[in-house]
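I have placed the structure first, in the form of structure tokens, so that the comments after it can refer back to it.
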Amino acid sequence: MEFKVNNQLELSSYDVVVLPLCEGQSVDHKELLDVVKPYLNKDFFEAKKETYFTISASSAEKPVQIILAGLGKKEEVYFETATDVIGAGVKQAVSKKPSRVAVYLNELSDIVCSDKLSAIAKVSALASYRFDKFLSSSKEAKKLESLTFIDSHEDAETAVERGYSLAQSILIARKLVDEPANIMKPKKLAEEATRVCNEVGIEINVMGRSEIEALNMNAFLSVAKGSDEEPQLIVMKHMGDPSSSEITALVGKGLTYDSGGYSIKPTDSMMTMKSDMGGSAAVIGAMHEIGKRKPKINVVGIVATCENMISGHAYLPGDILTSMSGKTIEVVNTDAEGRLTLADAITYAIEKEHACRIVDICTLTGAVVVALGEEYAGVITRDDNLWDDVYKASQASLEPVWRMPINKALEDKNKSSVADLKNSGGRWGGCCSAGAFVGAFAQDKPWIHLDIAGTAFIETEKPYLTKGGTGYGVHLLAELVSLWAK
Ligand code: BES
Ligand code: MN
Ligand code: ZN
8 MEFKVNNQLE LSSYDVVVLP LCEGQSVDHK ELLDVVKPYL NKDFFEAKKE
58 TYFTISASSA EKPVQIILAG LGKKEEVYFE TATDVIGAGV KQAVSKKPSR
108 VAVYLNELSD IVCSDKLSAI AKVSALASYR FDKFLSSSKE AKKLESLTFI
158 DSHEDAETAV ERGYSLAQSI LIARKLVDEP ANIMKPKKLA EEATRVCNEV
208 GIEINVMGRS EIEALNMNAF LSVAKGSDEE PQLIVMKHMG DPSSSEITAL
258 VGKGLTYDSG GYSIKPTDSM MTMKSDMGGS AAVIGAMHEI GKRKPKINVV
308 GIVATCENMI SGHAYLPGDI LTSMSGKTIE VVNTDAEGRL TLADAITYAI
358 EKEHACRIVD ICTLTGAVVV ALGEEYAGVI TRDDNLWDDV YKASQASLEP
408 VWRMPINKAL EDKNKSSVAD LKNSGGRWGG CCSAGAFVGA FAQDKPWIHL
458 DIAGTAFIET EKPYLTKGGT GYGVHLLAEL VSLWAK
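Residues in the sequence shown are numbered from 8 upward in steps of one, following our numbering.
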């Protein structure tokens, strides 16, 4: 699909035109006005916020549909109003299976700055995605050929390009998550990461079982034991500042499937567990974006990927593991597997890649979904500066974050009487004790943790997103890295 910018609208060149308007606003474009004028009234469309109206018109040459999208009062068009409304308009447009779609922004020239235009381009690209490759009907369906933004700002092209580029990285993550677990096995995830990294010049190294064994990553290996699929340790590097010895690690949870293991999940909870590699998808997508932007900073992306399964080889409740760090862990619940893989991945980041700052991102707890829903990621850190930076990045990426607490009492929930730690601190405050467990492996390094169990995969549609993988975290991590670049 092609993304274009044009400063003028030729109606007959498109199958569908999305026309966002504010209340009381008229339309300068003559041809467009002729078509929409009869409908710009209280019986049809008043441009109230989040209202939509479709007009089927036929010019001399061919039929065209106009989707009027209401932005509400002009002085109240915030960033999110623009992205939600225009994104939803594009989503409606794409559902009509057109070849060519235009988004007409010339009427909004005084409120759409280049940052807003970037965000609009980003969500429009996201709105045109659906995971339909396994639908027989999608084989015959016409594919969207182009999406054109009609905008006459001088910097429109760069702004649209920036948004489009980001969307490509986000779409990588969405596709990885949407792919079912019978296909997206650990090896496949490593292959996809390799393809993505090669595309943008990111160095990548993938390690298999024997290397992981040699590293003594026994917590990670224990989780992988029940599966026939070989675990993989994926290490992606962008050394953008060779003059510096500082290295930032982005560590993503990569469970390609989480059945719960012997502490088995109920049927319904298992339904969405192909998405338990959402953190790793965010890291891979972010590395793709970083590879394109080439910021002056050293970043290493780390994913310890495997499946959490049941078999005669699986790990068991009551097992005591010795993690790569030397810390011992009592397994009190085999379904608290993510933190075990992250523990070793973080130790690897520090010991082997010399990371001095750690960001981990993971679909870690059901508790964070109960607390914050599908809207906010739960963030845990003891470092206020790191929190400020993540918050700033999230404001720019429009991916909401909420800080969750950590203190000694929450850390102490992970104390065991037979090992240094146990892998679950129980139900209450589950998101916080889980975060504290992961943090116990960050040694003295600045560390921040993003629990995206609610945001990585949605079961209810959003204005510009279909159900399924959201790509949450890709933009945020890329933004964060840019913020830290020299
Ligand atoms: N992958 C799950 C967390 C999850 C839940 C992700 C819902 C997405 C949606 C994680 O491995 C898990 O099972 N966590 C347990 C921990 C508990 C056993 C301490 C949970 O949250 O129930
Ligand atoms: Mn689990
Ligand atoms: Zn899990």
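Glycine included, each C-beta is placed from N, C-alpha and C at the ideal position.
{"Check": "I want to check one thing, is the minimum distance from the CB of residue 326 to the heavy atoms of ligand 2 below 7 Å?", "Outcome": "no"}
{"Check": "Do you know whose CA, among 186, 175, 211, 282, lies nearest residue 141's CA?", "Outcome": "186"}
{"Check": "Check this for me: beta carbons of residue 289 and residue 130, under 8 Å apart or not?", "Outcome": "no"}
{"Check": "By Cβ distance, which residues of its chain are closer than 6 Å to residue 214, with the 5 residues on each side in sequence left out?", "Outcome": "240"}
{"Check": "I'd like to confirm something about residue 240: is its beta-carbon nearer than 7 Å to some heavy atom of ligand 1, or not?", "Outcome": "no"}
{"Check": "Assuming residue 443 contacts residue 413 (C-beta within less than 8 Å), just tell me the rounded distance between them.", "Outcome": "5 Å"}
{"Check": "Inspect the beta-carbon positions of residue 295 and residue 207 and report whether they are closer than 8 Å.", "Outcome": "yes"}
{"Check": "At the level of alpha carbons, what is the spacing between residue 62 and residue 76?", "Outcome": "11 Å"}
{"Check": "Which of the three DSSP states, helix, strand or coil, is assigned to residue 246?", "Outcome": "strand"}
{"Check": "So within the region 101 to 140, which uninterrupted beta strand (DSSP E) runs reach at least 3 residues, ignoring any that extend past its ends?", "Outcome": "107 to 111"}
{"Check": "For ligand 1, is there any heavy atom lying closer than 7 Å to the beta carbon of residue 292?", "Outcome": "no"}
{"Check": "Using the rule of at least 16 other Cβ atoms within 10 Å of the residue's Cβ for burial, across every protein chain shown, is residue 259 buried or exposed?", "Outcome": "buried"}
{"Check": "What are the start and end residues of the alpha helix (DSSP H) that includes residue 202?", "Outcome": "193 to 207"}
{"Check": "Verify the contact flag: residue 343, CB atom, against every heavy atom of ligand 2, threshold strictly below 7 Å.", "Outcome": "yes"}
{"Check": "Here's the rule: buried if 16 or more other CB atoms are within 10 angstroms of the residue's CB, otherwise exposed. What is residue 205?", "Outcome": "exposed"}
{"Check": "Helix, strand or coil: how does DSSP classify residue 407 here?", "Outcome": "coil"}
{"Check": "Per DSSP, which residues does residue 7 bridge with? Please list them.", "Outcome": "Residue 7 lies beyond the residue range present for the chain, which begins at 8 and ends at 493; the question has no answer from this structure."}
{"Check": "Any chance the CB of residue 312 is under 7 Å from a heavy atom of ligand 1?", "Outcome": "no"}
{"Check": "Leaving out the 5 sequence neighbours to the left and right, which residues in its chain are closer than 8 Å to residue 171 when beta-carbon positions are compared?", "Outcome": "10, 128, 129, 132"}
{"Check": "Answer yes or no: the CB of residue 262 versus the heavy atoms of ligand 3, is any distance below 7 Å?", "Outcome": "yes"}
{"Check": "Along the beta strand (DSSP E) that carries residue 361, what are the first and last residues, could you check?", "Outcome": "Looking at the DSSP string, residue 361 is not in any beta strand (DSSP E), and its letter there is neither H nor E."}
{"Check": "If you follow the alpha helix (DSSP H) that residue 342 is part of, which residue opens it and which one closes it?", "Outcome": "From DSSP, residue 342 is part of no alpha helix (DSSP H); its letter is neither H nor E."}
{"Check": "Kindly list the residues whose CB is nearer than 6 Å to the CB of residue 229, restricted to its own chain and excluding five residues on each side of it in sequence; keep chain order.", "Outcome": "322, 328"}
{"Check": "Got a sec? Which residues, its chain only, sit under 7 Å from residue 357 by beta carbon, not counting five neighbours each side?", "Outcome": "450, 452"}
{"Check": "Below 8 Å on the Cβ atoms is my guess for residue 180 versus residue 291; work out the distance and round it to an integer in Å.", "Outcome": "7 Å"}
{"Check": "By the DSSP assignment, the alpha helix (DSSP H) with residue 175 in it spans what residues?", "Outcome": "163 to 185"}
{"Check": "Quick one: using the 10 Å Cβ neighbour count with 16 as the cut-off for buried, is residue 271 buried or exposed?", "Outcome": "exposed"}
{"Check": "Which residue wins for smallest C-alpha separation from residue 112, given the options 104, 366, 97?", "Outcome": "97"}
{"Check": "How big is the Cα-Cα spacing for residue 218 and residue 355?", "Outcome": "12 Å"}
{"Check": "What does residue 4 pair with, by DSSP beta-bridge criteria?", "Outcome": "Limits of the chain in this structure are 8 at one end and 493 at the other, which puts residue 4 out of reach."}
{"Check": "Just checking, does the region 297 to 308 make contact with the region 241 to 257 on the three C-beta pairs under 8 Å criterion?", "Outcome": "yes"}
{"Check": "On the criterion of 16 or more Cβ atoms from any shown chain inside 10 Å, does residue 383 qualify as buried, or is it exposed?", "Outcome": "buried"}
{"Check": "In chain order, what residues of the same chain lie with their CB nearer than 7 Å to the CB of residue 410, ignoring the 5 residues before and after it?", "Outcome": "386, 394"}
{"Check": "Between the alpha carbons of residue 471 and residue 136, how many angstroms are there, rounded?", "Outcome": "9 Å"}
{"Check": "For residue 233, which option in 457, 331, 344 has the closest C-alpha, if you only look at C-alpha atoms?", "Outcome": "344"}
{"Check": "Hey, could you find the ends of the beta strand (DSSP E) residue 456 is sitting in?", "Outcome": "454 to 458"}
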